[in-house]
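Only one structure is covered here, and it is reproduced in the block below.
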C-alpha cells in the first residue's frame with residue numbers, strides 16, 4: 045500500500061504543474077531526440093539512440109512516480125491545525141541549546157523540502173525529533189554531525 049503524503053495547497057499545485065510539464069513538453073523533447081538519433085542510421089550501433097531511449101525510460105518512471113504521489117496526496121487545511129504541537133506544515137522556531145543559534149523551519153512533505161527556503165522534510169531527523177512536541181520542550185536529535193539539543197521557542201502556521 046502506498047504511503048499518504050500531506051501537502052500544502054501550493055505544494056500540491058506545484059506537483060501538478062511539474063507532472064503536466066513532463067507529460068507535454070518533456071515527452072515532446074524526448075520524442076524529438078529519439079527521432080533525430082533514428083535518422084542517423086543503423087540503430088544497432090547508434091549510442092545516441094540508446095541514450096535517448098534510456099532517457100525516455102527514466103522520464104516515464106519519473107512521471108509514474110509523480111502520478112503515484114498525486115494519487116496518495118492529501119491537502120492539509122492549515123487554518124484548522126492545532127498550534128500547540130509540532131505537526132506537518134508547522135513553522136517551528138528553534139534554539140540550539142549548545143551554541144544559542146536560533147533557526148526557523150517549516151515541516152513539509154519530501155517533495156516540497158527546500159532548506160534554502162527554510163522548509164525541511166517531515167521525514168528528516170530534525171523533523172522526526174520535533175513532531176508531537178510542544179512549545180518549551182527540548183528534543184535530543186541524532187544528526188549526521190552527532191547529537192544536538194534543540195529547544196522549541198515557538199510554533200505557528
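Residue numbers (the numbering used here): 45 to 201.
C-beta: ideal position from N, C-alpha, C; glycine also.
With DSSP run on the structure shown, which of helix, strand or coil describes residue i?
i: residue 183; result: strand
i: residue 117; result: strand
i: residue 45; result: With a pLDDT of only 49 at residue 45, under 50, the local geometry of the prediction cannot be trusted, and no value is derived from it.
i: residue 86; result: coil
i: residue 167; result: coil
Since residue i is in the beta strand (DSSP E), which residue starts that stretch and which ends it?
i: residue 135; result: 135–140
i: residue 195; result: 190–200
i: residue 151; result: 146–152
i: residue 129; result: Note, residue 129: premise wrong, no beta strand (DSSP E); not H, not E.
Between residue i and residue j, what straight-line distance do the alpha-carbon atoms span, to the nearest angstrom?
i: residue 66; j: residue 73; result: 10 Å
i: residue 85; j: residue 79; result: 11 Å
i: residue 75; j: residue 174; result: 46 Å
i: residue 45; j: residue 145; result: In this prediction, residue 45 scores a pLDDT of 49, lower than 50, which makes its location untrustworthy; the coordinate-derived value is nonetheless stated afterwards. The alpha-carbon atoms of residue 45 and residue 145 are separated by roughly 41 Å.
i: residue 196; j: residue 182; result: 6 Å
i: residue 93; j: residue 180; result: 59 Å
i: residue 188; j: residue 155; result: 21 Å
i: residue 55; j: residue 89; result: 44 Å
i: residue 111; j: residue 142; result: 43 Å
i: residue 152; j: residue 100; result: 30 Å
i: residue 147; j: residue 77; result: 46 Å
i: residue 63; j: residue 108; result: 9 Å
i: residue 106; j: residue 178; result: 38 Å
i: residue 201; j: residue 71; result: 38 Å
i: residue 57; j: residue 83; result: 38 Å
i: residue 52; j: residue 60; result: 13 Å
i: residue 159; j: residue 97; result: 34 Å
In terms of residue numbering, what span does the alpha helix (DSSP H) encompassing residue i cover?
i: residue 79; result: 71–82
i: residue 55; result: 53–65
Task: At least three beta-carbon pairs within less than 8 Å, the segment 170–180 to the segment 137–157 - done: yes
Open item on the list: Would the segment 159–167 count as touching the segment 110–121 if we require 3 or more Cβ pairs under 8 Å?
Closed with: no
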